[in-house]
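Trainee: Sequence lines, in order, name chains A and E.
The number in the numbering used here is simply the position in the first sequence, starting from 1, with 55 added.
The number in the numbering used here is simply the position in the second sequence, starting from 1, with 750 added.
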Amino acid sequence: MSNKDIEYTTVSEVAGPLIIVEGIKDVAYNEVVKIKTSYGEERTGQVLEVFSDKAIVQVFEGTKGLDTDKTSARFIGETMKLGVAKDMLGRVFDGTGNPLDDAPPIIPEDRRDINGNPINPYAREYPQEFIQTGISTIDGLNTLVRGQKLPIFSASGLPHNELAAQIARQAKVLGKEEKFAVVFCAMGITSEEANLFIRDFENTGALERTVMFLNLADDPTIERVILPRMALTCAEYLAFDLGMQVLVILTDLTNYAEALREIAAAREEVPGRRGYPGYMYTDLATIYERAGRIKGKKGSITQIPMLTMPDDDITHPIPDLTGYITEGQIVLERGLHKKDIYPPIAVLPCLSRLMDRGIGDGRTREDHAGVSNQLYAAYSEGCDLRDLVAIVGEDALSDRDRKFLNFAEEFEKKFVSQGKHEDRSIEQTLSIGWELFSRLPTSELKKIDEKYIKKYLPKGGKEE
Amino acid sequence: MSKKSQEGKIIRISGPVIEADDMRGAKMYDVVRVGDENLIGEIIRLNGDVATIQVYEDTNGLKPGEKVISTDMPLSVELGPGLLTNIYDGIQRPLPAIYEETGDFISRGVEAHAIDRKKKWHFKPVAKSGDKVSGCDVIGEVQETSIIVHKIIVPPDVKGTISSVEKEGDYTVEDDIAVITTDKEDVKLQMLQRWPVRKPRPVAKKYDPSLPLITGQRVIDTFFPVAKGGTAAIPGGFGTGKTVMLHQIAKWSDAQIVVYVGCGERGNEMTDVLREFPELVDPKTGEPLMSRTVLIANTSNMPVAARDASVYTGITIAEYYRDMGYDVALMADSTSRLAEAMREISGRLEEMPGEEGYPAYLASRLAEFYERAGRVKLLGSKDKEGSVSVIGAVSPPGGDFSEPVAQNTLRIVKVFWALDADLADKRHFPSINWLKSYSLHLDEVNGWWKKEVGEDWLKLRNKAMALLQKESELQEIVKLVGPDALPSKERAFLESARMIREDFLQQSAFHEVDTYCPSNKQYEMLRLMLKFSDKLQEAVDKNVHMDDILSMKSRENLARMSTVPNKEFEVRFQTVENDFEKEIDSLMKGGK
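What follows is the structure, encoded as structure tokens:
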């Protein structure tokens, strides 16, 4: 009799999300476990630690109702796998990979281990294809490229979902018609938030090229630990087997990290910072690093993970560790939101690490890098002056400084702020930048090559 | 007495850590093969019959009861021609070979030789039979890449007389190329040698560092220089430009060999190096930078246990090239990930944690690693020198330098480049904070600068530093009263300091000229800026109005000095100097 058929009723302990099964034989690390409660309900779990005769198992749907008497466990002899198929497009799945919509189960073309394998750095293709999102602060200053992982750091009460939906709606690579897909992975968000995305995908007709994995706020917490891995396994299949350009939206990573902490606490592990497990960096990396492009493959995986910074704190372990792994970050700010600026992207702490190779002549426009640097420098100087004005008053400023102060205001109003359905081309974005430069003395435009100043600065711009 | 290697059984699996029974006789830090897939692991604790093993590969699907076999050898690297231009994982498996074998993703249990066994190298003997040799003496040479001659050296632990050397010709790394008769036995030498990674290669003597490692980065070379054989740490929060800085040093530093260890960082960053280095050309030799580089990649999603190994693999390769008499620079990005890997393993071992969950031995491990740097007298009969410089990035959580990894690193290293998130937000790059950073190598490298570049280098540098210091004090006042309220003299200081900040300290890694600034150009730039500063003070004393100074045309040329092509800067700077002198002089005449 193979291990698959043995029902162990030897659960000796139930603690938090974990159970301990004793007297077992031939159980593998990370193997999937089917657990049956005393009243016949089936749940899924995974082996977290295994000894010669006992296994610690985490139960995805929670341990409520389990007992140490009748509850039984069956080890199915393989690690967590997901059946993948082209038919997944347009479908909705729950945290264990079962369809949530009324349609029948998919017929898998392949079954893949959800943990995946690391991409060989030697096999990677460097991401450098510009994705136009139609949002000036992203396209102009923090350019997103194909195969990048660019998270949105938000906080409670900010419109990050609207922004993500707008990116999903507008994102395109210029001059190319390609197979495009969205994989949407919701971890612990409310049904209201999920509906926003679903409605938006429906309205734009994107639903049939979207795969959704949903674990809502009232769904079992522990499932959140496997959900992004399933979503990414599906994304890898779409991208590297079917050659599609896949955009993966993961929200909300804060809920993911909470689930991770819950398991760590239940196992009585030595905690790292703020009670999060010491291996959280490695764990998050195994999610984020699955973005990328591969040599000789047409498809790509671009990730936009979203997280809410607890108490707006960017040094909190979740945004902090994320920032160390991802290739930049888009940071939303409450102050801008309060000024009624949408999207409230706080330009200064934002960054896109892959921008330099994705822009310039032949990709966006030759003056892009200069414009971006100059906008940053001038806006940052304007922001410094705001602090100064708060103390000494505007009258104490020199003429030059007043221009920079004014620049910062106009920059927020004209460049940062845009409509929720406004899809700006990169040319539009850059010309708003040049229009703003015409308010500064030309001699202050040190970050831009002189030949571009001659070519692009609107005529009639004030000379000093 | 020959003994069968130990074979035991797995009794516990917890992430990358497993325990195996029946392992009595196996030695601490020996490499073991784990399970039916022959995963590679290392023994990190022994308790009676039970060995605790960290596994360098993913342990998914492993079962208790599977076998564990000791190889009876410590974790070692293969050394020989073929290391340069290659990219390895943390335990020195060549990634291109793995790619050939298993495709785009790295699967488990892959075996590949670090050094190609089939390739033939052209060996030229330089020693002859009858020569008395000891460790690090050169037997022969192989042209490894277009710029690097790989010296085949006697292993450090061998001493004796050469009884035979092969003739010039093509050999594989496993062919015997010489026989040395020692007190005990005849030792056959091949080009391929091995060395355990956790054991520093011995040297005759450690010297004090005296030559600067010229990196072509102004803020480093002029303000906070690191010496060849020195150690430097570059801590900074995310987005402050650690990796760009390390890449810049790897590209432009005047080390002869560069070992770049990507430890727990992004996969795309290694791809970037792989893509860019073969295209970039070394300013001195005109050859692709890749021909002097070895890459080690353990990206953040690769197995955590191999993170620790990756750094040791890197430093051992660095020491090997040092033993040939080369100046080697090793970059480790980032040592925080190494520390975190130690923390994870320590947690799985249920050790008593020290500060912030890190193991209590964190400080000593870091010290051991950095101590392997140095300018040394090599073993061997000839009086030869080599050096290993180590530059480690630190990624402190929340950008807070008070955390254990940053603090323990600072206690060891001599040069500290503090990256500053505020500067990065303003796009001041490299975002090295000039007030917080320091270098303890200033006096050591002064001799070189005096001799090679300019007599008054240190004086200029200190003068500029004082100006920047004064600026920060003045800024405090400006914050309270506004800049207009300052007397002209002070405003002139602010202006000069701003020039040094924006036009000297800032340097664009992505500008074709500015990315590398030769030492004499650095010196000239600083000299002109300080001369300009003196002139400003003079002008202000003669009541020249500040607004007139600010609207000077020659200021702009001073500001654009960094992008003047390196070949023609001497002539062009002369014009810049003449222009601003003339302009200020005429202002002063007008002012009278």
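Even for Gly, the Cβ is constructed at its ideal location relative to N, Cα and C.
#1: Is residue 980 of chain E near residue 1084 of chain E, with beta carbons less than 9 angstroms apart?
#2: Do residue 84 of chain A and residue 812 of chain E count as a contact pair if the criterion is CB distance below 9 angstroms?
#3: For a test of the three-state rule: what should DSSP assign to residue 46 of chain A, helix, strand or coil?
#4: Apart from the five residues just before and just after residue 320 of chain A, which ones in its own chain have a Cβ nearer than 8 angstroms to its Cβ?
#5: Assuming contact is defined by CB atoms lying nearer than 9 angstroms, are residue 1080 of chain E and residue 1162 of chain E in contact in what I supplied?
#6: With DSSP collapsed to three states, give me the class of residue 426 of chain A.
#7: Just verifying my parser: in three-state terms, what is the DSSP assignment at residue 85 of chain A?
#8: Would you verify that the beta carbon of residue 517 of chain A is, or is not, closer than 9 angstroms to some beta carbon of chain E?
#9: Using a Cβ cut-off of 9 angstroms (strictly closer), state whether residue 772 of chain E contacts chain A.
#10: Which stretch, first to last residue, makes up the beta strand (DSSP E) that contains residue 483 of chain A?
#11: From the DSSP output, in three-state form, read off residue 761 of chain E for me.
#12: Let me make sure I understand the geometry here. Which of A:235, A:207 and A:150 has the alpha-carbon closest to that of residue 263 of chain A?
#13: Output the residue ranges of the beta strand (DSSP E) runs that lie fully inside the region 868 to 898 of chain E and measure 3 residues or longer, sorted by chain position.
#14: Consult DSSP for residue 998 of chain E and reduce its assignment to one of helix, strand or coil.
#15: Check the Cβ-Cβ distances between residue 1020 of chain E and every residue of chain A, and say whether any is below 9 angstroms.
#16: For residue 1324 of chain E, is the classification buried or exposed, using 16 other Cβ atoms within 10 angstroms of its Cβ as the cut-off for buried?
#17: Hey, would you say residue 301 of chain A sits closer than 9 angstroms to residue 146 of chain A, going by beta carbons?
#18: Would you call the region 349 to 369 of chain A in contact with the region 169 to 188 of chain A, where contact means no fewer than 3 C-beta pairs closer than 8 angstroms?
#19: Against chain A, with Cβ distances strictly below 9 angstroms, would residue 1050 of chain E count as a contact?
#20: I'd like to check one pair, residue 963 of chain E with residue 1010 of chain E: are the Cβ atoms closer than 9 angstroms?
#21: Hey, out of A:425, A:458, A:426 and A:427, whose CA is closest to residue 438 of chain A's CA?
#22: With three or more beta-carbon pairs closer than 8 angstroms as the criterion, would you say the region 778 to 796 of chain E touches the region 105 to 112 of chain A?
#23: Ignore the nearest five residues each way along the sequence and tell me which others in residue 752 of chain E's own chain have a CB closer than 8 angstroms to its CB.
#24: I'd like the span of the alpha helix (DSSP H) that includes residue 1285 of chain E, first residue to last.
#25: What is the DSSP secondary structure of residue 240 of chain A, counted as helix, strand or coil?
#26: In its own chain, which residues sit with a C-beta less than 6 angstroms from the C-beta of residue 430 of chain A, not counting the 5 before and 5 after it?
#27: Pick helix, strand or coil for residue 246 of chain A, following the three-state DSSP scheme.
#28: Less than 7 angstroms between C-beta atoms, sequence neighbours within five positions excluded: which residues of the same chain meet that for residue 1056 of chain E?
#29: Taking only three categories from DSSP, how would you classify residue 944 of chain E?
#30: Is the Cβ of residue 1044 of chain E closer than 9 angstroms to any Cβ of chain A?
#31: If you reduce the DSSP assignment to three classes, tell me which class residue 224 of chain A lands in.
#32: Between residue 350 of chain A and chain E, is any beta-carbon pair separated by less than 9 angstroms?
#33: Where does residue 93 of chain A fall in DSSP's three states?
#34: State yes or no: is the beta carbon of residue 390 of chain A nearer than 9 angstroms to at least one beta carbon in chain E?
#35: Taking Cβ to Cβ, would you say residue 1309 of chain E is nearer than 9 angstroms to residue 1242 of chain E?
#36: State the DSSP-derived secondary structure class of residue 413 of chain A, mapped to helix, strand or coil.
Mentor: So, to answer that:
#1: Taking the second sequence and counting its residues from 1, one reaches residue 980 of chain E at position 230. Taking the second sequence and counting its residues from 1, one reaches residue 1084 of chain E at position 334. Going by C-beta atoms, residue 980 of chain E is not nearer than 9 angstroms to residue 1084 of chain E.
#2: Within the second sequence, numbered from 1, the residue matching residue 812 of chain E stands at position 62. Within the first sequence, numbered from 1, the residue matching residue 84 of chain A stands at position 29. It is a contact, given that the beta carbons lie within the stated cut-off.
#3: Nothing in the structure corresponds to residue 46 of chain A, since chain A is present only between 56 and 519.
#4: Residue mapping note: residue 320 of chain A aligns to position 265 of the first sequence, counting from 1. The residues are 71, 326 and 330.
#5: On the second sequence, residue 1080 of chain E is found 330 positions in, with the first residue counted as 1. On the second sequence, residue 1162 of chain E is found 412 positions in, with the first residue counted as 1. No, these two residues do not count as a Cβ contact at 9 angstroms.
#6: Within the first sequence, the letter at position 371 stands for residue 426 of chain A. Note: residue 426 of chain A maps to helix in three-state DSSP.
#7: Residue 85 of chain A sits at position 30 when you count from the first residue of the first sequence. Three-state DSSP puts residue 85 of chain A in coil, outside helix and strand.
#8: Here residue 517 of chain A refers to the residue found at position 462 of the first sequence. No answer about residue 517 of chain A holds up, because its pLDDT of 45 lies below 50 and its placement is not dependable.
#9: As a first step, residue 772 of chain E is located in the second sequence; it is residue number 22 there, counting from the start. For residue 772 of chain E, the nearest beta carbon of chain A is not closer than 9 angstroms to its own beta carbon.
#10: Locating residue 483 of chain A in the first sequence gives position 428, where the first residue counts as 1. Here residue 483 of chain A belongs to no beta strand (DSSP E); instead the alpha helix (DSSP H) covers 481 to 492.
#11: In the second sequence, residue 761 of chain E corresponds to position 11, counting from 1. Three-state DSSP puts residue 761 of chain E in a strand.
#12: Reading the first sequence from its first residue, position 208 is the one you call residue 263 of chain A. If we check each option's Cα against that of residue 263 of chain A, A:235 comes out closest.
#13: For the region 868 to 898 of chain E, whole beta strand (DSSP E) runs of length 3 or above, ordered along the chain, are 871 to 875 and 888 to 893.
#14: Position 248 of the second sequence holds residue 998 of chain E. Residue 998 of chain E falls in the helix class under three-state DSSP.
#15: Here the question's residue 1020 of chain E lines up with position 270 in the second sequence. So, interface residue.
#16: Counted from its first residue, the second sequence places residue 1324 of chain E at position 574. Under this definition residue 1324 of chain E is an exposed residue.
#17: Your numbering for residue 301 of chain A matches position 246 in the first sequence. Your numbering for residue 146 of chain A matches position 91 in the first sequence. No; because the gap between Cβ atoms is not below 9 angstroms, this pair is not in contact.
#18: yes
#19: Here residue 1050 of chain E refers to the residue found at position 300 of the second sequence. Contacts with chain A at 9 angstroms (Cβ-Cβ) include residue 1050 of chain E.
#20: Here the question's residue 1010 of chain E lines up with position 260 in the second sequence. Here the question's residue 963 of chain E lines up with position 213 in the second sequence. Going by C-beta atoms, residue 1010 of chain E is not nearer than 9 angstroms to residue 963 of chain E.
#21: Your numbering for residue 438 of chain A matches position 383 in the first sequence. Cα-wise, what sits closest to residue 438 of chain A is A:458.
#22: no
#23: Numbered from 1 along the second sequence, position 2 holds the residue referred to as residue 752 of chain E. Confidence at residue 752 of chain E is low in this model, with a pLDDT of 40, below 50, so the placement of that residue should be treated as unreliable; the coordinate-derived value is given next. Correct list: empty, nothing qualifies.
#24: Taking the first residue of the second sequence as 1, we reach residue 1285 of chain E at position 535. DSSP places residue 1285 of chain E inside the alpha helix (DSSP H), whose first and last residues are 1269 to 1291.
#25: The count along the first sequence starts at 1 and reaches residue 240 of chain A at position 185. In the structure shown, residue 240 of chain A falls within a strand segment according to DSSP collapsed to helix, strand and coil.
#26: The residue you call residue 430 of chain A lines up with position 375 of the first sequence. Excluding sequence neighbours, residue 430 of chain A sits near 488.
#27: Counting from 1 along the first sequence, the entry for residue 246 of chain A is found at position 191. Residue 246 of chain A sits in a helix when the DSSP states are folded into three classes.
#28: Within the second sequence, residue 1056 of chain E is the residue found at index 306, counting from 1. Cβ neighbours of residue 1056 of chain E beyond the five flanking positions: 806, 839, 840, 841 and 1048.
#29: Sequence index remark: in the second sequence, residue 944 of chain E carries index 194 (1-based). Reduced to three states, the DSSP call for residue 944 of chain E is strand.
#30: In the second sequence, the residue the question calls residue 1044 of chain E occupies position 294. Closer than 9 angstroms: no.
#31: In the first sequence, the residue the question calls residue 224 of chain A occupies position 169. Correct three-state label for residue 224 of chain A: helix.
#32: One-based indexing of the first sequence puts residue 350 of chain A at position 295. Chain E contact via Cβ: present.
#33: Position 38 of the first sequence, counted from the start, is the residue given in the question as residue 93 of chain A. Of the three classes helix, strand and coil, the one that applies to residue 93 of chain A here is coil, per DSSP.
#34: Sequence index remark: in the first sequence, residue 390 of chain A carries index 335 (1-based). Not an interface residue.
#35: As a working note, residue 1309 of chain E is residue 559 in the second sequence. As a working note, residue 1242 of chain E is residue 492 in the second sequence. In terms of Cβ geometry, residue 1309 of chain E and residue 1242 of chain E do not form a close pair [threshold 9 angstroms].
#36: Sequence index remark: in the first sequence, residue 413 of chain A carries index 358 (1-based). Helix.
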